[in-house]
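First the structure, in the form of structure tokens, and then the observations on it.
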Amino acid sequence: MASGNGRSLLELIDGADERGLAAAGLACLDRCLPLLAGDRGDALRPVWAAVARGDGNAWGEAVAKARVELDADGTADAAAVRGMLAAAPATWTAGDLRAWAHACSGTALALHGRYDAAEVPDGLVERCRAGDTDGAGPLLAGELRRQQAVLETVAHGPTGLRRARELSVEGGRVLRAVVSRRARTA
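Residue numbers (my numbering): 8 to 193.
Dropping the structure here:
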């Protein structure tokens, strides 16, 4: 399954500008926040505001503040989420943001895949990112669609950030429900 315009997720990330890259990585991180203990949904709000302004100085400050707010012990999944935030570049440069967006994309897809009913075979996440979704479960496929939609929406300018946030909230709710259901049945 490729995106609406036929481009793979990898192509969309490679073609994004700084704002699109920052939004892509941040949206992945935001959707994975339910894997951290407690309600921390507002911790990334200042980071989203910095992306909306395209302000590199505000970006670095907001990322540093979010790192402090989201620093807590937890599961291996929680460590992966904190790792995404820890890897966020302090500088607003295309190269650094692109590397971070790529890493966040892979981590978010892998985390979602772990909550699918079926085992995620080796290489599936990278195949999905390249456009081949054969074998992807519903959570992995949904996360892939959200990542593509965020990049496509933000490519239309700063007004697309509202839709990116909506997609992140929606994706976070889905993951929160799955995690909650799994905890009740464990």
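We put the beta carbon where it would ideally sit given N, CA and C, even for glycine.
Note that the structure is predicted; figures quoted are calculated from it, not measured.
Candidates the options, of which the one nearest residue i by Cα
| i | options | result |
| --- | --- | --- |
| Trp107 | Leu33, Thr192, Val186, Arg183 | Leu33 |
| Leu92 | Ile20, Asn64, Arg38 | Arg38 |
| Ala124 | Arg189, Ala31, Leu19 | Arg189 |
| Gly27 | Glu159, Arg191, Glu173, Thr192 | Glu159 |
| Asp277 | Gly130, Ala101, Ala184, Arg170 | This structure gives no information on residue 277, because the portion of the chain shown stretches from 8 to 193. |
Length of the line joining the Cα atoms of residue i and residue j
| i | j | result |
| --- | --- | --- |
| Val186 | Ala110 | 22 Å |
| Ser175 | Arg60 | 19 Å |
| Gly120 | Glu18 | 21 Å |
| Ala29 | Ala115 | 15 Å |
| Ala95 | Val70 | 7 Å |
| Asp24 | Ala97 | 17 Å |
| Val54 | Trp66 | 6 Å |
| Ala143 | Val127 | 8 Å |
| Val132 | Arg89 | 20 Å |
| Gly138 | Val161 | 20 Å |
| Ser163 | Thr192 | Inspection of the sequence shows that residue 163 is occupied by His rather than by Ser. Computed Cα separation, rounded: 42 Å. |
| Pro145 | Tyr122 | 9 Å |
| Thr82 | Arg169 | 31 Å |
Buried or exposed (CB count within 10 angstroms, at least 16 for buried), residue i
| i | result |
| --- | --- |
| Arg52 | exposed |
| Arg136 | buried |
C-beta contact flag for residue i and residue j at 9 Å
| i | j | result |
| --- | --- | --- |
| Leu199 | Leu151 | Here the chain covers residues 8 to 193 and nothing more, so residue 199 does not appear. |
| Trp99 | Asp141 | no |
| Leu16 | Gln154 | yes |
- prompt: Mind pulling the alpha helix (DSSP H) runs of 4 or more residues that sit fully within the segment 21 to 68?
  reply: 25 to 39, 52 to 60
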